[in-house]
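Numbering (our numbering), first residue to last: 5 to 146.
We put the CB at the ideal spot given by N, CA and C, even for glycine.
These numbers were taken from a predicted model, which means no experiment stands behind them.
Notes to accompany the following structure.
In structure tokens:
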């Protein structure tokens, strides 16, 4: 069984960075187990917040090897429909969050995020971390 890809929301980078932990190290473990994806808005949010060029270079190199979810007209139509659906339910979401969520839905990805707002978007599976069992453990505990 193939695991769903993971789309990394920008909040995943900000939390560990504030605590002086390297979010890319943990992401490398996830990347060894499943595809990791990004989108333009998530990438731009992170790049905008990084001041040190060396750190920005590391993030760019990491993002350059991720799956990239393009934002074509069909995806923007999905964003439009989702925003309207949320508005009718009385849920106000930042457009960037809705776009990230629609990118995740488009590739059936799990979203790694510390942003609880993403849970309110229909069809989104958002988690704070990916829990996995090494293959040896799975064989011992079917």
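**Asked** Should residue 56 go down as buried or exposed, given a rule of 16 or more other Cβ atoms within 10 Å for buried?
**Response** Classification for residue 56: exposed.
**Prompt:** Should residue 131 be labelled buried (16 or more other beta-carbon atoms within 10 Å of its own) or exposed?
**Reply:** Around the Cβ of residue 131, a 10 Å sphere holds fewer than 16 other Cβ atoms; the residue is exposed.
**Prompt:** Should residue 49 be flagged as near chain D, meaning a C-beta pair shorter than 8 Å?
**Reply:** Absent here is chain D; the protein component of the structure consists of one chain.
**Item:** Spatial distance of residue 97 from residue 12 (CA atoms)
**Value:** Looking at the two C-alpha atoms, the distance is approximately 18 Å.
**Request:** Please classify residue 86: does DSSP put it in a helix, a strand, or coil?
**Result:** Here residue 86 sits in helix by DSSP.
**Prompt:** Can the beta-carbon of residue 111 be found closer than 8 Å to that of residue 133?
**Reply:** No, the Cβ-Cβ distance between residue 111 and residue 133 is not below 8 Å.
**Request:** Name the two residues that bound the continuous beta strand (DSSP E) containing residue 116.
**Result:** Counting along the chain, residue 116 sits inside the beta strand (DSSP E) bounded by residues 114-116.
**Asked** For residue 7, which of helix, strand or coil comes out of DSSP?
**Response** DSSP places residue 7 in coil when its eight states are reduced to three.
**Message:** From the DSSP secondary-structure annotation, give me the bridge partner or partners of residue 34.
**Reply:** Per DSSP, none; premise fails for residue 34.
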